[in-house]
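>
Numbering (my numbering), first residue to last: 39 to 184.
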């Protein structure tokens, strides 16, 4: 299991290849990469804040829960913080399992929990000013299926 909370951009291809190379016994690898939406060009930037140590611990707990619920061989979560612009990769989840159903379910579970429960604070900056991103009803509803 690997959790990385970082300011630096990540190389999706390199991370995926390295992850796939270390998951002996897996029959499936699922990856998901989230991008900063530019809101049809209205977003100047997004600023993401977190508490070092606490954030990694919370995400590691989510990964532990995913590993307990599904037969995962391994999992990887990368999430960025700092100032990001539209189109930049903000996060990545990779899961590996013997069978694809477990890999897909665990990845989706982790994405839903990262979206709604990981301790990040996001502020959108636009020409009209800055606004903190509030929890969305549809993100909360997505958690109910788990």
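Where is the CB? At the ideal position from N, CA and C, for every residue including glycine.
#1: What residues are listed by DSSP as bridge partners for residue 114?
#2: List the residues that DSSP assigns as beta-bridge partners of residue 160.
#3: Under the three-state reduction of DSSP, which class applies to residue 70: helix, strand or coil?
#4: What residue from 73, 144, 180 and 173 has the CA that sits closest to residue 101's CA?
#5: Can you tell which of 123, 125, 116 and 107 has the C-alpha that lies nearest to the C-alpha of residue 48?
#6: Quick one: Cα of residue 58 to Cα of residue 67, how far?
#7: Considering only residues of the same chain and omitting the five flanking positions on each side of residue 53, which have a CB-CB separation below 8 angstroms?
#8: Since residue 93 contacts residue 171 with CB under 8 angstroms, what's their CB separation in whole angstroms?
#9: Nearest to residue 105 by CA position, among 160, 136, 71 and 167, is which residue?
#10: Answer with buried or exposed for residue 162, where buried requires no fewer than 16 other C-beta atoms within 10 angstroms of its C-beta.
#11: Just reading off the alpha helix (DSSP H) that residue 51 is part of, what are its end residues?
#12: On the three-state DSSP scale, how would you describe residue 75?
#13: Identify every residue that forms a DSSP beta bridge with residue 121.
Short version:
#1: 40 and 132
#2: 86
#3: strand
#4: 144
#5: 116
#6: 7 angstroms
#7: 114, 116, 130 and 132
#8: Wrong, their Cβ atoms sit about 16 angstroms apart, outside the cutoff.
#9: 136
#10: buried
#11: 50-59
#12: coil
#13: 85
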